[in-house]
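>
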Amino acid sequence: MLNGKSILITGATGSFGKAFVDTVFKRYPDVRRVVVFSRDELKQFEMSQRFGERAFPAIRYFLGDVRDAPRVRRALEGVDIVIHAAALKQVPAAEYNPFECIKTNILGAQNLIEGCMDNEVEQVVALSTDKAAAPINLYGATKLCSDKLFIAANNIRGKRNTRYSVVRYGNVMGSRGSVIPFFLDKRGSGVLPITDPQMTRFNISLQDGVEMVLWALQNAQGGEIYVPKIPSYRITDVAMAVAPDCRQDIVGVRPGEKIHEEMITAGDSYQTVDLGAYYAILPASSDIDQYCRTTKASRVPPGFAYDSGSNTDFLSVEQLRDLIRTHMPEARL
């Protein structure tokens with residue numbers, strides 16, 4: 000699928016980008032070029048030390064920011080496939096610095112969309128978040144806007160063949176900013192701060208996130224927001240899995256946080272289909288019956304919603320502990 004292709008990943012020095020690049024080189028040895036596009040020269044240097052240009056001569060490191068439209072257009076020259084992972088993601092930081100988040104997550108998305116059109120990129124998959132569904136914080140609102148921009152781009156591409164799709168998933172286990180590394184750092188104090196004992200979140204492994212993007216590249220027709228069927232966890236169970244001997248202190252919900260995260264709202268149900276391992280939210284203009292015939296999908300019931308609190312699949316404390324041992328062996332549970 001990717002052999003012979005030139006691929007660009009924005010925000011490629013983050014957790015997802017490194018895992019995606021690693022998977023591409025292992026699975027597609029004849030990939031023509033992989034462009035690491037990011038703004039942090041130190042992280043690019045560290046990534047180059049990890050991969051090495053001799054071992055992976057197809058890799059290129061391109062300094063730039065998605066806010067810089069001319070630089071984005073230049074980076075996209077000769078690129079076939081784009082994975083958009085660049086974003087400002089910290090909820091409190093976005094609440095305090097709202098327009099900085101808007102410039103990266105919204106204006107940067109539009110720069111990328113237009114750059115891909117100008118360079119006649121074949122396919123674009125943008126990474127979203129569960130916080131984009133019925134958002135209550137600025138980060139989620141910017142990602143919802145970004146999702147809308149990527150989906151609407153399919154309407155203005157004209158004669159170009161560029162296809163734009165989105166993948167939306169929950170917390171990535173062990174990634175920067177996730178609760179597990181935070182709890183691991185705190186366990187030496189004997190106390191773990193819990194925002195709300197009822198709080199739940201979706202959980203996905205880094206590699207499953209990579210596999211979902213690869214699946215979208217192979218199956219997307221353009222215009223879909225893909226949502227995976229993944230388990231949830233309770234925040235108190237994560238604390239118990241990481242540090243069973245620590246006291247759990249309730250500190251209250253931070254501004255912009257939900258008790259339960261949503262990925263598909265009841266309002267989305269009329270445009271949502273079930274693809275087996277994934278759901279797809281289709282554009283309002285879609286012929287859903289035709290889509291179901293061509294993909295063998297089925298409509299979800301009207302009023303269907305998918306959130307981490309009402310999810311039927313929850314991870315137990317022991318399952319969480321096993322996953323942490325598997326994906327974060329340095330945790331030494």
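If you count the sequence shown from 1, position 55 lands on 54 in numbering that gives the first Met the number 0, and the numbers rise without skipping. For glycine and all other residues, C-beta sits at the position ideal for the given N, C-alpha and C.
(1) Which residues does DSSP pair with P192 in a beta bridge?
(2) Mind pulling the alpha helix (DSSP H) runs of 4 or more residues that sit fully within the region 204-287?
(3) What residue ranges within the region 154-182 form continuous beta strand (DSSP E) runs of no fewer than 3 residues, ordered along the chain?
(4) For Q122, is the classification buried or exposed, using 16 other Cβ atoms within 10 angstroms of its Cβ as the cut-off for buried?
(5) In chain order, what residues of the same chain lie with their CB nearer than 8 Å to the CB of G219, ignoring the 5 residues before and after it?
(6) Whose CA, out of L314, G114, G169, D273, lies closest to the CA of P300?
(7) Whose CA, out of A93, F182, A131, G77, lies closest to the CA of D267?
(8) How far does the alpha helix (DSSP H) with T325 in it reach, from first residue to last?
(9) Compare the C-alpha of L148 against each of N160, M262, L126 and name the closest.
(10) Quick check on the burial criterion: 16 or more other C-beta atoms within 10 angstroms. Buried or exposed for K17?
(11) I need the boundaries of the alpha helix (DSSP H) containing F98, first residue and last residue.
(12) Among T199, A296, R31, which has the Cα closest to the Cα of V252?
(13) Can you check the region 107-134 for any alpha helix (DSSP H) of at least 4 residues that lies completely inside it and give the ranges in chain order?
(14) I need the straight-line Cα distance from L183 to C291, nearest angstrom please.
(15) What does the alpha-carbon distance come out to for the pair A330 and I249?
(16) How long is the line joining the alpha carbons of Q109 and T141, rounded to whole angstroms?
(17) For F24, name the three-state secondary structure that DSSP assigns.
(18) With three or more beta-carbon pairs closer than 8 Å as the criterion, would you say the region 37-46 touches the region 57-68?
(19) Find the nearest neighbour of R336 within the set K102, V20, G3, judged by alpha-carbon distance.
(20) If you count every other CB in all the chains shown that lies within 10 Å of the CB of Y138, and 16 or more means buried, which is it?
(21) Please report the distance separating the alpha-carbon of S204 from that of P328.
(22) Please name the residue or residues paired with V34 in a DSSP beta bridge.
(23) Thinking M211 and L322 are a contact (beta carbons under 8 Å), I'd like their distance in whole angstroms, please.
(24) Measure the C-alpha to C-alpha separation of A265 and G222 and round it to an integer number of angstroms.
(25) Rounded to whole angstroms, what is the Cα-Cα separation between F55 and T103?
(26) Buried or exposed: K158, going by 16 or more other Cβ atoms within 10 Å of its Cβ?
(27) Could you pull the start and end residues of the beta strand (DSSP E) that I150 belongs to?
(28) Below 8 Å on the Cβ atoms is my guess for G169 versus D129; work out the distance and round it to an integer in Å.
(29) On the three-state DSSP scale, how would you describe F303?
(30) Taking the alpha-carbon positions, what's the A276 to A304 distance?
(31) Apart from the five residues on each side of it in sequence, which residues of its chain come closer than 6 Å, Cβ to Cβ, to M46?
(32) Could you spell out where the alpha helix (DSSP H) holding V71 opens and where it closes?
(33) Quick check on N310: buried or exposed, where buried means 16 or more other Cβ atoms within 10 Å of its Cβ?
(34) Take I280 as the anchor and find which of I263, T294, Q289, D288 has the nearest alpha-carbon.
According to the structure data:
(1) Walking along the sequence shown from the start, residue 192 turns up at place 193. P192 pairs with D248.
(2) For the region 204-287, the continuous alpha helix (DSSP H) assignments of 4+ residues that do not extend past its boundaries occur at 205-218, 234-241, in sequence order.
(3) Complete beta strand (DSSP E) runs here, min 3: 162-166.
(4) Here residue 122 refers to the residue found at position 123 when the sequence shown is read from its first residue. In summary, Q122 is buried, with 16 or more beta-carbon neighbours lying within 10 Å of its beta-carbon over all protein chains present.
(5) To locate residue 219, count along the sequence shown from 1; it is residue 220. The sequence given here places Ala at residue 219; Gly does not occur at that position. Cβ within range, chain order: Q122, V124, R162, S164, Y225.
(6) Counting from one through the sequence shown, the residue named residue 300 turns up at place 301. For P300, the nearest C-alpha among the options comes from D273.
(7) As a first step, residue 267 must be located in the sequence shown, where it is residue number 268. When only C-alpha atoms are compared, the closest one is A131.
(8) Translated into the one-based positions of the sequence shown, residue 325 becomes position 326. Where T325 is concerned, the enclosing alpha helix (DSSP H) starts and stops at 316-326.
(9) Taking the sequence shown and counting its residues from 1, the one referred to as residue 148 is at position 149. The residue with the shortest Cα to Cα distance from L148 is L126.
(10) Counted from its first residue, the sequence shown places residue 17 at position 18. Classification for K17: buried.
(11) Counted from its first residue, the sequence shown places residue 98 at position 99. 97-101 is the extent of the alpha helix (DSSP H) around F98.
(12) Here residue 252 refers to the residue found at position 253 when the sequence shown is read from its first residue. Minimum Cα distance to V252 is reached at T199.
(13) Taken in chain order, the unbroken stretches of alpha helix (DSSP H) that lie wholly in the region 107-134 and span 4 residues or more are 107-117.
(14) Walking along the sequence shown from the start, residue 183 turns up at place 184. Walking along the sequence shown from the start, residue 291 turns up at place 292. Roughly 45 Å separates the two Cα atoms.
(15) Locating residue 330 in the sequence shown gives position 331, where the first residue counts as 1. Locating residue 249 in the sequence shown gives position 250, where the first residue counts as 1. Rounded to the nearest angstrom, the two C-alpha atoms are 24 Å apart.
(16) On the sequence shown, residue 109 is found 110 positions in, with the first residue counted as 1. On the sequence shown, residue 141 is found 142 positions in, with the first residue counted as 1. Approximately 12 Å, taken between the alpha carbons.
(17) Residue 24 sits at position 25 when you count from the first residue of the sequence shown. Of the three classes helix, strand and coil, the one that applies to F24 here is helix, per DSSP.
(18) Remark: three or more beta-carbon pairs, one from each stretch, lie closer than 8 Å, so the region 37-46 and the region 57-68 are flagged as touching.
(19) Since the displayed the chain opens at 0 and closes at 332, residue 336 lies outside it and no answer follows.
(20) As a working note, residue 138 is residue 139 in the sequence shown. Y138 is buried by the Cβ-count criterion.
(21) For this step, residue 204 is matched to residue 205 along the sequence shown. For this step, residue 328 is matched to residue 329 along the sequence shown. Going by the C-alpha atoms only, they are around 14 Å apart.
(22) Position 35 of the sequence shown, counted from the start, is the residue given in the question as residue 34. V34 pairs with L7, R59.
(23) Position 212 of the sequence shown, counted from the start, is the residue given in the question as residue 211. Position 323 of the sequence shown, counted from the start, is the residue given in the question as residue 322. Contact flag wrong, Cβ pair sits at about 17 Å.
(24) The residue labelled residue 265 in the question sits at position 266 within the sequence shown. The residue labelled residue 222 in the question sits at position 223 within the sequence shown. When rounded, the distance between both Cα atoms is 19 Å.
(25) On the sequence shown, position 56 is the one that residue 55 refers to. On the sequence shown, position 104 is the one that residue 103 refers to. As the crow flies, the alpha-carbon of F55 is around 30 Å from that of T103.
(26) Counting from 1 along the sequence shown, the entry for residue 158 is found at position 159. Its Cβ having fewer than 16 others within 10 Å, K158 is exposed.
(27) For the purposes of this step, residue 150 is taken as residue 151 along the sequence shown, with counting starting at 1. If you look at I150, you'll find it isn't in any beta strand (DSSP E); it sits in the alpha helix (DSSP H) that goes 137-151.
(28) The residue you call residue 169 lines up with position 170 of the sequence shown. The residue you call residue 129 lines up with position 130 of the sequence shown. Indeed they touch by this definition, with Cβ atoms about 5 Å apart.
(29) Along the sequence shown, read from residue 1 onward, the residue named residue 303 stands at position 304. Here F303 sits in coil by DSSP.
(30) Here residue 276 corresponds to residue number 277 of the sequence shown, with the count starting at 1. Here residue 304 corresponds to residue number 305 of the sequence shown, with the count starting at 1. A straight line joining the alpha-carbon of A276 with that of A304 spans about 16 Å.
(31) What you label residue 46 is simply residue 47 of the sequence shown in a count that begins at 1. Taken in chain order, the residues that qualify are T12.
(32) Start at 1 with the first residue of the sequence shown, and residue 71 comes out as number 72. 68-74 is the span of the alpha helix (DSSP H), which, as asked, contains V71.
(33) To locate residue 310, count along the sequence shown from 1; it is residue 311. Burial call: buried.
(34) Counting from one through the sequence shown, the residue named residue 280 turns up at place 281. From the listed residues I263, T294, Q289, D288, the smallest Cα separation to I280 is found for I263.
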